[in-house]
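See structure below.
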Ligand SMILES: Cc1cc2nc3c(=O)[nH]c(=O)nc-3n(C[C@H](O)[C@H](O)[C@H](O)COP(=O)(O)O)c2cc1C
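Residue numbers (the UniProt record's numbering): 1 to 223.
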């Protein structure tokens with residue numbers, strides 16, 4: 001652990017004005033308030049290309065391969081972090097391509113895995129996903145299980161991060177989307193005015209609460 005703990009908040013969205021980017025800012029502010037030094041990595045703003053390249057493809061015979069300068073810079077940020085918080089919209093029960101590519105290229109052989117003593121061991125990681133589906137959606141539990149298996153176990157645990165969790169903020173669209181057992185998609189009525197404001201304030205609060213619970217932070221100060 002660094003003397004001043006560092007948090008890497010990874011925002012994975014293609015729009016600067018997205019709810020995802022906003023929740024990333026909320027998470028970063030809460031971490032700062034708790035005393036973390038925050039490295040806010042906005043993959044879109046930094047022009048990260050999620051496509052795998054030859055330079056960044058693992059060489060199974062050389063775990064010390066010199067990857068591209070871009071990826072090495074991202075690896076340094078990953079290694080410097082005590083806490084890693086990717087913030088992303090749930091796409092098809094998984095992560096969007098932008099975040100998938102960051103994992104593919106940066107969580108690479110020799111740095112993230114492939115060492116007898118994992119370099120990422122001891123870090124903590126909260127995957128914070130935003131989902132259009134409401135809590136009552138037929139597939140919500142299945143979505144949680146899938147994300148947990150793939151992200152917490154398949155990525156974090158595989159790379160030596162044992163203290164990891166997945167949190168999903170439902171109803172991100174503001175109108176609750178549900179799919180019933182027969183497969184019918186229902187887009188609820190749009191929220192307007194004060195109800196809409198209250199909905200998004202509650203969503204911010206849910207994001208903060210999940211962070212507080214995961215990191216054992218005290219409740220946020222309220223004015
Ligand atoms: C390509 C795509 C796939 C999506 N897949 C899912 C999904 O599998 N489950 C879900 O609950 N919502 C899904 N959604 C809804 C998004 O999670 C939701 O629009 C997003 O979290 C809203 O945040 P944003 O305003 O920052 O984009 C999907 C949306 C898109 C565009």
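Using N, Cα and C, we set each Cβ at its ideal position, and we do this for glycine too.
query: Three-state secondary structure (DSSP) at residue 101?; result: helix
query: Say yes only if the C-beta of residue 175 is nearer than 8 Å to one or more non-hydrogen atoms of ligand 2, and no if none qualify.; result: You won't find ligand 2 in this model; what it holds is ligand 1.
query: Out of 27, 207, 162, state which residue places its alpha-carbon closest to the alpha-carbon of residue 230.; result: The requested residue 230 does not occur in the structure, where the chain is confined to residues 1 to 223.
query: Closer than 5 Å from C-beta to any heavy atom of ligand 1: which residues, in chain order?; result: 18, 19, 20, 89, 90, 91, 92, 93, 130, 131, 132, 133, 172
query: Classify residue 43 as helix, strand or coil using the three-state DSSP reduction.; result: coil
query: Count Cβ pairs between the region 116 to 133 and the region 147 to 166 that sit closer than 8 Å; are there 3 or more?; result: yes
query: Distance check for residue 71 and residue 65, CA to CA, integer angstroms please.; result: 12 Å
query: How would you label residue 52, buried or exposed, when you count the other beta carbons within 10 angstroms and need 16 or more for buried?; result: exposed
query: Roughly how many angstroms separate the alpha carbons of residue 17 and residue 116, rounded to a whole number?; result: 42 Å
query: Considering only the alpha carbon of each residue, which of 33, 23, 26, 13 lies closest to residue 5?; result: 33
query: Using alpha carbons as the reference points, say which of 23, 153, 55 lies closest to residue 203.; result: 23
query: Count the C-beta pairs between the region 132 to 146 and the region 97 to 110 that are closer than 8 Å, then say yes if the count reaches three, no if not.; result: no
query: Which residue spans inside the region 123 to 155 form an unbroken beta strand (DSSP E) run of at least 3?; result: 124 to 130
query: Relative to the alpha-carbon of residue 145, which residue among 29, 168, 99 has its alpha-carbon at the smallest distance?; result: 168
query: Give the single residue among 11, 19, 27, 191 whose Cα lies nearest to the Cα of residue 217.; result: 27
query: Could you have a look at residue 186 and say whether DSSP puts it in helix, strand or coil?; result: strand
query: For residue 171, which residues of its own chain have a beta-carbon under 7 Å away from its beta-carbon, when the five flanking residues on both sides are left out?; result: 134
query: Identify every residue that forms a DSSP beta bridge with residue 191.; result: Residue 191 pairs with nothing; no bridge assigned.
query: For residue 12 and residue 30, I'd like the C-alpha separation in whole angstroms.; result: 18 Å
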